[in-house]
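J.:
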């Protein structure tokens, strides 16, 4: 068990290093000198050289990489070549906003998908099950940014009951915070729920056909009791796997949804950084997103052993 | 990066204890049919756009801005007075083009990698799958935004980024399919008869996993359509003036108060294409692998 966890942690750390090398190398191939770009074409060679030294871009790439990556664990992402301000605090600010979005959307997706998926599986031969399956198939076809635009059209433009966008920090005004959060969370969460419902359904269907569920039924347990006692834990593994894969989708979906609702999260920071060709900032945000995905995968792998005792032995 | 169970529950074979009655089969066939019709509709629209569109989709007409639907303009016009139907038709072309190149790239790179990993007994096979797992941490949109930041946004960078991000899906499915084929007796016989590994891969493995791969291609196509739309929406995909459904959506955003129709039309087009490819993939999965319940 311990060996397994340690091995998994080692894989995680190696993946982090490999990902950081990839991100850094990718941004380093860009033609053009950040110092020259920052100063413009009329700059003298001396001032360019001085700025280059100030940025640290005159050092060999390996040294630059080491400098960048060694700052990451303590939240030091360097200083932007464009705005000349520290990147770490900006990312920290924005992460909180995006976390609200992603966590609320995940919660909403779970609350919708678990009962609906079980219903669709338990009634897969009847009309209600087919309706749930059909609606979830439709939901998958609607990207979250499109759902966002449609929600704005109905609830902000037509009915005027909710704001069409923007962000209010929870500490400033909790009521307004929630009002601003509703539409983006629904846009993200409902689409995720559609995907998740399908997996919950197929996982529960698989379990329903297992011998142990049939035995439980034969012993006189009702379908739901049998499922609750013997089925859910077994159905949980594929569902948790998909949920983890979806966090990546959700994070990146948040990037687009933040643009629709003009929310100052990580996605907006990434897109603004790209528009301003602020590469160190882009590099930092990309790294944060990739670390988040890898971290969720790690947590899920560790969670498997909690859900399924059989996996602890191996 | 999930090591324990298969991360694609859809690929798990299910027991067949009368799993699918005639009703299930009928529903699956219906799904396949609807999917084929929707995909056919998009393909046909794109093909027709090569020879005919109601108007020149790029023609700006300041006297016909933001018109509602009428006999002249069936779905109205946008803020530049461009005909929405014509834009939509050309957009179908962009969508399919990006999808084909992206999925094609992913298949051409991913399938050989997956088959290689399944046959390799050295560390190289394991390394390929590890690299594959790492790539999974970079979603298509994130890759495309990085590509856009470095190489500039264009249809090409979007296609390549989506394609690269899709490689792991093909490599995984090819590997797991190939592993099954490799354990069969006819492969053992071929090996005993002295056929080389490449020969076995081409003669036995590829034909037997082609069904799986076609299903994966259809599902990946749906994902590519979504990614292209999102990228164009963000301004990282197809550049103006080439019409694209994602950009039509983005341009519609400032007119949500006036004409929500401008958002609805490309939105429906995206949903139709994605739904079509998803249903097609699901239906084909049933056809190629009757052991599986319709999912």
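Protein chains in written order, with the working numbering: chain A, 1082 to 1395; chain B, 242 to 536. Just so it is clear, CB atoms sit at the ideal spot from N, CA and C, and this is done for glycine as well.
Is it buried or exposed for residue 363(B), if we count other Cβ within 10 angstroms and need 16 for buried?
T.: It is exposed - the Cβ of residue 363(B) has fewer than 16 other Cβ atoms within 10 Å.
J.: Is the Cβ of residue 511(B) closer than 8 Å to any Cβ of chain E?
T.: Here chain E cannot be found, since the structure's protein chains are A and B.
J.: Based on Cα-Cα distance, which residue from 1305(A), 1358(A), 1368(A) lies nearest to residue 1201(A)?
T.: Nearest of 1305(A), 1358(A), 1368(A) to residue 1201(A), Cα basis: 1305(A).
J.: If residue 387(B) and residue 342(B) are in contact, beta carbons under 8 Å, what's the gap, nearest whole angstrom?
T.: Contact flag wrong, Cβ pair sits at about 19 Å.
J.: Going by beta-carbon coordinates alone, are residue 411(B) and residue 345(B) separated by less than 8 Å?
T.: Not in contact: residue 411(B) and residue 345(B) (Cβ atoms no closer than 8 Å).
J.: Give me the residue from 1388(A), 1251(A), 1250(A), 1232(A) with the minimum Cα distance to residue 1242(A).
T.: When only C-alpha atoms are compared, the closest one is 1232(A).
J.: Use the C-beta contact count for residue 515(B): other C-beta atoms within 10 angstroms, 16 or more gives buried, fewer gives exposed.
T.: Its Cβ being crowded by 16 or more others within 10 Å, residue 515(B) is buried.
J.: With a cut-off of 8 Å, does the C-beta of residue 340(B) fall near any C-beta of chain A?
T.: Closer than 8 Å: no.
J.: Using 8 Å as the limit for Cβ to Cβ distance, is residue 519(B) near chain A?
T.: Cβ-Cβ to chain A under 8 Å: yes for residue 519(B).
J.: Using the beta-carbon count (16 or more within 10 Å), is residue 1082(A) buried or exposed?
T.: The residue is exposed, with fewer than 16 neighbouring Cβ atoms inside 10 Å.
J.: Please classify residue 1167(A): does DSSP put it in a helix, a strand, or coil?
T.: Residue state, collapsed to three classes: strand.
J.: Answer with yes or no whether the minimum CB distance from residue 489(B) to chain A is below 8 Å.
T.: No, its Cβ sits nowhere closer than 8 Å to a Cβ of chain A.
J.: Chain B beta carbons: is any one of them nearer than 8 Å to that of residue 1224(A)?
T.: Closer than 8 Å to some Cβ of chain B, the Cβ of residue 1224(A) qualifies, so yes.
J.: Beta-carbon of residue 1314(A) versus every beta-carbon of chain B: anything under 8 Å?
T.: No, residue 1314(A) lies away from the interface with chain B (no Cβ there is under 8 Å from its Cβ).
J.: Please decide whether residue 1100(A) counts as near chain B, where near means a Cβ-Cβ distance under 8 Å.
T.: Interface residue, yes.
J.: Spell out whether any CB of chain A is found under 8 Å from the CB atom of residue 183(B).
T.: What is shown of chain B runs 242 to 536, which leaves residue 183(B) out entirely.
J.: At a CB-CB cut-off below 7 Å, which residues of chain A make contact with residue 386(B)?
T.: Result: 1351, 1355.
J.: Which two residues bound the contiguous alpha helix (DSSP H) that contains residue 1378(A)?
T.: Residues 1360-1388.
J.: For residue 1096(A), which residues in chain B fall below 8 Å Cβ to Cβ?
T.: Simply 242, 374, 375, 378.
J.: Is any beta-carbon of chain A found at less than 8 Å from that of residue 494(B)?
T.: True, the Cβ-Cβ gap to chain A drops below 8 Å.
J.: Taking 8 Å as the CB-CB cut-off, is residue 504(B) touching chain A?
T.: Taking Cβ atoms only, chain A reaches closer than 8 Å to residue 504(B), which makes this a yes.
J.: Give me the DSSP bridge partner(s) of residue 318(B).
T.: Partner(s): 324(B).
J.: Look up residue 1397(A) in the DSSP assignment and say whether it is helix, strand or coil.
T.: Chain A is shown only over 1082 to 1395; residue 1397(A) falls outside these bounds and no answer can be derived.
J.: Closest by CA to residue 1133(A), which one among 1162(A), 1364(A), 1321(A)?
T.: Comparing Cα-Cα distances from residue 1133(A) to each of 1162(A), 1364(A), 1321(A), the minimum goes to 1162(A).
J.: Where does residue 1204(A) fall in DSSP's three states?
T.: Residue 1204(A): coil per DSSP, three-state reduction.
J.: What are the boundary residues of the alpha helix (DSSP H) that residue 488(B) is part of?
T.: Here the alpha helix (DSSP H) through residue 488(B) covers 486-493.
J.: I want to see whether chain B comes within less than 8 Å of residue 1190(A), judged by CB atoms only; does it?
T.: It does not; no Cβ of chain B falls within 8 Å.
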